[in-house]
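Here's the structure we're looking at; comments come further down.
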Amino acid sequence: MGLTIVATIITLIPLFLILGFLLVKGASSINLDFFIKLPKPVGEAGGGMANGIVGTLELISLAALFGVPIGIGVGLFQVEFGRYNPVWGPLVRFSTESLTGIPSVVVGLFAYALVVRPMGGFSALAGGVALGIMMIPLVARATEEMLLLVPGELREASLALGIPRWRTALAVVVRTATAGILTAVILATARIAGETAPLLFTAFGNQFWSNGLRQPVSSLTLQIYTYAISPFPDWQRQAWAGALVLTGLVFVLQIGVRRIARVGQPLQR
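Here the working numbering is used: position 23 in the sequence shown is 9, and no number is missing along the way.
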């Protein structure tokens, strides 16, 4: 018990140091202009990251539209059909596990070759595809775990009534595990919200408002990276503010996960 307490304290120390450092460095730089104004040119003080905040939400939405349906479909296939198929089941599982271990920069290069070059330029769509690819294995594995928690009696009762297996999977199994699947989606969203490397090859960044999905778009992670390595104190100050806002966004998503999981616990029991 003593060793577990010490290990817990050692684990929590870096977390609280990071959060404390972000609060000290970033809280003083957050104001209304940060959320509603565009970045100022080099050498001018002030401005904000409004375009980065909107771009982050846009990229996350595109990634969810691309990755969530595929991830849920893969998880559903593995639980309801893949484990009965000696060929496709292991193949899909191996592919999902391999995709989980691919570095994010490699995913960015793949999206660059798949979307950026054919389209002739960087774009929000390419960034959404890159982040969506990263979401697929995360959503698939978590969805699989949630679906395995559904009691087998529900499946058997539905099949005994003559309902086809595919309809049983959608109308009974997925509906029962909805809270757990939503938890998986939010966790995957929080995971990709802090990615920078794939966006360097796809979304590229933009100091202004994006005019469409086929245009480069900014994000908080890209602006934090650009501002943090700059030699200008005002940009460095805003980089800390952006890091604090991004951490707050992930924190809100984590709270949402806990609330959804708490709501879904009675249903799972």
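Idealized CB from N, CA, C, for every residue including glycine.
The shortest CA-to-CA distance from Asn192 to any of Leu230, Pro150 and Leu206 is the one to Leu206. Separation of the CB atoms of Ala163 and Leu133 is rounded to 5 Å, and the pair is thereby assigned contact status at 8 Å. For Ser14, the closest alpha carbon among the candidates Leu230, Phe237 and Gly242 is that of Leu230. Check the Cα spacing between Arg127 and each of Gly138, Thr154, Val93 and Ala174: the tightest is with Ala174. For the 8 Å CB-CB criterion, Val60 and Thr82 form a contact. Boundaries of the alpha helix (DSSP H) around Ile22: Leu18 to Ile22.
Residue environment: Leu(-2) is assigned as exposed (fewer than 16 neighbouring CB atoms within 10 Å of its CB, all protein chains considered). In the DSSP secondary-structure assignment, Val203 is bridged to Phe190.
Note that the stretch 68 to 80 does not touch the stretch 142 to 159; fewer than 3 beta-carbon pairs, one per stretch, sit closer than 8 Å. In terms of Cβ geometry, Thr169 and Val65 do not form a close pair [threshold 8 Å]. Membership of Ile(-9) in the alpha helix (DSSP H) is indicated by the continuous run Gly(-12) to Gly12. For the 8 Å CB-CB criterion, Gly38 and Gly198 do not form a contact. Gly38 carries a helical assignment under DSSP once its states are collapsed to helix, strand and coil. Pairing Leu185 with Gly33, the inter-Cα distance amounts to about 23 Å.
Unbroken alpha helix (DSSP H) runs of no fewer than 4 residues, entirely contained in the stretch 110 to 149, are found at 110 to 134 and 138 to 146, following chain order. Selection Ile167, Gly113, Leu8 and Val203 evaluated against Leu135 yields Ile167 as nearest (Cα-Cα).
If you check the CB distance, Leu117 and Ala49 come in under 8 Å. A Cβ-Cβ distance of about 13 Å is found for the pair Gly106 and Thr188, leaving them out of contact under the 8 Å criterion. Sequence-distant Cβ neighbours of Asp19 in its own chain, meaning closer than 8 Å and more than five residues away, are Gly32, Gly33 and Gly34.
Take the alpha-carbon of Ser90 and the one of Ile149: they are about 42 Å apart.
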